[in-house]
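Structure, as structure tokens:
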Amino acid sequence: MDISGFSIFVVVVLILVMIIVLLGVKAVTQGYEYTVERFGRYTRTLKPGLHLIIPMVDRIGSKLNMMEQVLDVPTQEIITRDNAMVSVDGVVFYQVLDAAAAAYEVRQLEFAVLNLTMTNIRTVMGSMDLDELLSQRDQINARLLNVVDEATSPWGIKVTRIEIKDISPPRDLIDSMARQMKAERDKRAAILVAEGERQAAILKAEGDKQSAILQAEGRREAAYRDAEAREREAEAEAKATAMVSAAIAKGNVQAINYFVAQKYTDALQSIASAKNQKVIFLPLEATSLIGTVGGIAEIAREAFGGKGGTPAAESAGGPWTKKD
């Protein structure tokens with residue numbers, strides 16, 4: 000009886016020892032940290048791995064996730080500085096750096112971070128105009144991150160990012176913004192069209208100017224060449240007149256016939272080439288004109304050193320021919 004009772008006692012003691020050992024051995028998984036409390040007072044923090052504590056004296060206070068975590072910020076309505084009502088939501092990324100501070104400095108850590116973020120979103124975005132909210136998200140995120148991270152630093156956490164996911168103005172405000180954007184684009188289009196027409200008008204005027212300059216230069220060159228031609232023609236006429244005058248002075252009647260025949264022929268040419276052409280009957284003497292031509296030939300012979308007039312020329316003399 001005594002031996003069996005002792006055996007039972009030993010077995011009970013061994014079982015109690017095993018239970019105590021199991022209660023004193025703590026395995027901490029990767030990414031977590033445990034706080035240890037002795038009689039309700041924080042003593043130390045258990046890192047990932049195998050640890051021993053004193054059963055019945057020490058106990059695990061809090062099991063904290065040391066990985067970066069994400070909190071969804073629910074949608075809330077915000078009144079902007081220009082009295083526009085918008086709906087805003089977002090996300091918060093944070094990480095626990097000090098397990099003891101996160102466990103004992105604040106109650107319900109996630110709830111505290113969430114409410115702090117929501118209140119600061121209202122504060123920051125409520126101090127801005129609607130246009131600033133829609134165009135300056137990066138600045139809003141940076142301001143929120145600075146404010147919330149500074150406020151949560153005593154809690155042993157680090158707020159890494161705060162992102163505004165969606166900003167939703169009212170429907171009527173969206174329609175007004177759409178009309179404003181359309182009017183602005185129409186204005187830009189009208190400005191571009193006017194600028195294009197202006198450039199086209201400038202280019203056309205510049206082209207007309209260059210064309211007028213080239214035409215004026217052409218007319219000037221033509222006038223210069225016409226004047227030169229008239230000058231040469233006048234010089235030739237003067238020389239011919241001088242030669243005829245010299246021949247007349249020498250008593251050569253054929254020179255007079257040449258001069259009269261030239262004017263006579265020019266007059267006939269003018270009458271024939273006039274636009275108001277008519278049938279004209281003139282009492283012309285063909286023999287006089289032929290005699291004049293003979294006088295021209297006689298002058299040519301004399302100019303080139305030939306003899307006096309031929310019998311044919313003398314017999315065909317005009318009204319100015321002198322017969323010996």
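So the sequence shown is numbered by numbering that gives the first Met the number 0: it starts at 0 and just counts up by one.
Even glycine gets a Cβ: it sits at the ideal position worked out from N, Cα and C.
| query | Pick from Leu132, Phe38, Asn119, Met124: whose alpha carbon is nearest that of Val146? | reply | That would be Asn119, whose Cα lies nearest to the Cα of Val146.
| query | When the distance is taken between beta carbons, is Val72 closer than 7 Å to Thr122? | reply | no
| said: In whole angstroms, give me the CA-to-CA distance for Leu15 and Phe5. | reply: 15 Å
| Quick one, are the C-beta atoms of Ala83 and Leu129 less than 7 Å apart? | yes
| Are the beta-carbon atoms belonging to Val87 and Val69 less than 7 Å from one another? | no
| request: At 4 residues or longer, and completely inside the region 179-220: list those alpha helix (DSSP H) runs for me, N to C. | output: Taking only runs of at least 4 residues, no alpha helix (DSSP H) segment lies wholly in the region 179-220.
| Apart from the five residues just before and just after Pro282, which ones in its own chain have a Cβ nearer than 6 Å to its Cβ? | Summary for Pro282: the model assigns pLDDT 48, below 50, so the residue's position carries little reliability; its value from the coordinates is reported in the next sentence. Taking C-beta separations shorter than 6 Å and ignoring five residues to either side along the sequence, Pro282 has no partners in its chain.
| said: Distance check for Gln214 and Ala312, CA to CA, integer angstroms please. | reply: For Ala312, the pLDDT reaches just 39, beneath the cut-off of 50, and the residue's location in the model is therefore unreliable, although a value from the coordinates is still provided. Approximately 53 Å, taken between the alpha carbons.
| Counted within 10 angstroms of its Cβ, other Cβ atoms place Ile78 as buried (16 or more) or exposed | Classification for Ile78: exposed.
| DSSP state of Gly60 mapped onto helix, strand, coil | strand
| said: By alpha-carbon positions, which one of Ser175, Arg160, Tyr223, Met65 ends up nearest to Ala358? | reply: Outside the displayed range of the chain (0 to 323) lies residue 358, so it cannot be described from this structure.
| request: On a CA-only basis, which of Leu63, Lys62, Leu21, Thr28 is nearest Pro54? Give me that one, please. | output: Leu21
| task | Helix, strand or coil for Ile247, going by three-state DSSP, please let me know. | result | helix
| Between which two residues does the alpha helix (DSSP H) containing Glu109 stretch? | 108-125
| According to DSSP, which residues form a beta bridge with Thr79? | Answer by DSSP bridge pairing: none, since Thr79 is not bridged.
| Alpha carbon of Ser175 to alpha carbon of Arg142, nearest angstrom | 29 Å
| request: Please classify Thr286: is it buried, with 16 or more other beta-carbons within 10 angstroms of its beta-carbon, or exposed? | output: Per-residue confidence for Thr286 stands at a pLDDT of 49, beneath the threshold of 50, marking its modelled position as unreliable; the derived number appears in the next sentence. Exposed: under 16 other Cβ atoms inside 10 Å.
| Between Lys94 and Glu67, which are expected to be in contact by the criterion C-beta below 8 Å, what is the C-beta distance as a whole number of angstroms? | Per the sequence shown, residue 94 should be read as Gln rather than Lys. Gln94 to Glu67, Cβ: 4 Å. Contact.
| task | Please name the residue or residues paired with Ser3 in a DSSP beta bridge. | result | DSSP lists no partner for Ser3.
| Val105 - DSSP class collapsed to helix/strand/coil | coil
| query | So who's on the other strand from Arg160, going by DSSP bridges? | reply | Bridge partners of Arg160: Phe92.
| message | Taking DSSP's pairing of strands, which residues face Met55 in a bridge? | response | Residue pairing by DSSP places Met55 opposite no residue, since no beta bridge is assigned to it.
| task | Could you tell me which of Gly60, Val56, Glu32 sits nearest to Pro47, measuring between CA atoms? | result | Glu32
| field | Residue interval of the beta strand (DSSP E) (run including Glu36) | value | 31-37
| task | Report the residue from Ile166, Arg136, Asn114, Leu172 whose alpha carbon sits nearest the alpha carbon of Ala150. | result | Of the listed residues, the one whose Cα sits closest to Ala150 is Asn114.
| query | What's the gap between the Cα of Lys324 and the Cα of Glu216? | reply | Outside the modelled stretch of the chain, which goes from 0 to 323, sits residue 324, for which no answer is possible.
| From Leu45 to Ser3, what does the alpha carbon distance come to, in whole angstroms? | 43 Å
| request: Quick one: using the 10 Å Cβ neighbour count with 16 as the cut-off for buried, is Ile18 buried or exposed? | output: When all chains shown are included, Ile18 counts as exposed.
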